[in-house]
Amino acid sequence: MALLLFWITVLILLYIYLGYPFILYLLAKFRTKPVKTGIHYLPTVSIVISAFNEEAVIEDKIRNTLSMEYPQNKLDVWVVSDASTDKTDQLVEAYQSSNVHLFRLSQRSGKTFGITSVMEKITSEIVVFSDANSIYDPKALKELVKCFADPQVGYVVGHARYYEDQINSAANQEDLYWSFEIKMKINESKIGSVVGGDGAIYAIRRNLFKPLAPDDINDFVNPIQIVLQGFRGIFNPNAICYEEAAPSFLKEYWRKRRIVNRSWRGLWKNAQVLNPFKTGIFAWEIFSHKLLRWLGGLFIVILFVTNLKIVQTGEVYRLSMFGQLLFHLLAVIGFFLD
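Heads up: the sequence shown begins at 1 in full-length UniProt numbering, then just goes up one per residue.
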């Protein structure tokens, strides 16, 4: 039994980290669904900036947003202050005009609650979601918006990058992860829809938004809801924004853990997205890219335990155990070096 479970786990892990990306690559070569883009497509746009105690960066963010290459008469900026206790609100008020608005929550309620609340005020055709510390490339907004010229596109995800002079060990690992992830996102877009958004830079059609529960991860659940309405999502690597790297691997780990825990709940509440008869190839994409990946740690534990039980049955299993021990040792060393 342990032997069978060992090899099943090996196959699952190989599929998660090698098989799925390779199959995506092959499908993207032969089964591409083209996206109609329009550089002259300029709908009305609202940019929603989530902020809590962001006095250090909020002015730079507003100036950056207003300086993007997009018609000012078609652009609105909404800063959602999650009951900030510093000077964030006062700084935003200094910029208030016909297209810059402060939307303050009376008490701490979380990013997702703030987004759902402010969406009741927004009437623009396209809504872009961003963070206060994310600085957009001047062409980022046009790059996001041009994909909506295709009537089947319901959301577009941009490419968040770190500032070069702030890359640390956590950011290096994240950067390696993202170089791998970007290739998958591009290929997912080619054959169906990119799985999930990016809270720093993603856009949706306003009429496709559905109210979110306060504990939802907005950039995960929002795209799922849009796919369930029959639309697709696109990743555009040319829609670029820059943000600061996480200060340490440990903080980045805990941030990712919180996101995954809340994403589990979001997927559970929208489990019909896993039905291929309803969402087509996206069901396979989210199952492979998210669900199995989240279970990767469990599969690694199962692999280790089953390997322990069969380690004396052959040279292959002794080498496998040695490799796993070395892998975990290097992980521990890397953690303490960070």
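Each residue gets a CB set at the ideal place from its N, CA and C atoms; glycine is no exception.
Contact holds between the segment 73-82 and the segment 39-59, because three or more Cβ pairs, one in each stretch, are under 8 Å apart. Per DSSP, G297 lies in no beta strand (DSSP E); the unbroken alpha helix (DSSP H) holding it starts and ends at G296 to I310.
The beta-carbon separation of F220 and S263, rounded to 5 Å, stays under the 8 Å limit for a contact. Taking C-beta atoms as the reference points, I115 and N218 count as a pair closer than 8 Å. Counting only the Cα atoms, K210 lies some 10 Å from P223.
With fewer than 16 neighbouring CB atoms inside 10 Å of its own CB, E69 falls in the exposed class.
Inside the segment 42-124, DSSP marks whole alpha helix (DSSP H) runs of 4 or more residues at positions 58-66, 88-93 and 111-118, from first to last along the chain. As computed with DSSP, E244 is found in no beta bridge at all. In the DSSP assignment, I234 forms a beta bridge with V156. By the Cβ test, the segment 192-207 is in contact with the segment 121-140, since at least three Cβ pairs between them sit closer than 8 Å. Counting of Cβ neighbours within 10 angstroms places I62 among the buried residues, the total reaching 16 or more. Distance from the CA atom of L228 to the CA atom of F282, rounded to whole angstroms, is 10 Å. Contact check between the segment 229-242 and the segment 136-151: three or more CB pairs, one atom from each, fall below 8 Å, which counts as touching.
The shortest CA-to-CA distance from A149 to any of N261, L298, L291 and L42 is the one to L42.
In the DSSP assignment, R161 is bridged to Y242. Taking a 10 Å sphere around the C-beta of K121, we find fewer than 16 other C-beta atoms and assign the residue as exposed. Taking C-beta atoms as the reference points, N133 and V77 fail to come closer than 8 Å. Restricting attention to S109, N64 and I47, the CA atom closest to the CA of H101 is found in I47.
Judged by DSSP in its simplified three-state form, D219 adopts helix. When the beta-carbon positions are compared, K185 and V194 come within less than 8 Å of each other. Membership of Y202 in the beta strand (DSSP E) is indicated by the continuous run Y202 to R205. Between the alpha carbons of V156 and T32 lies a distance of about 17 Å.
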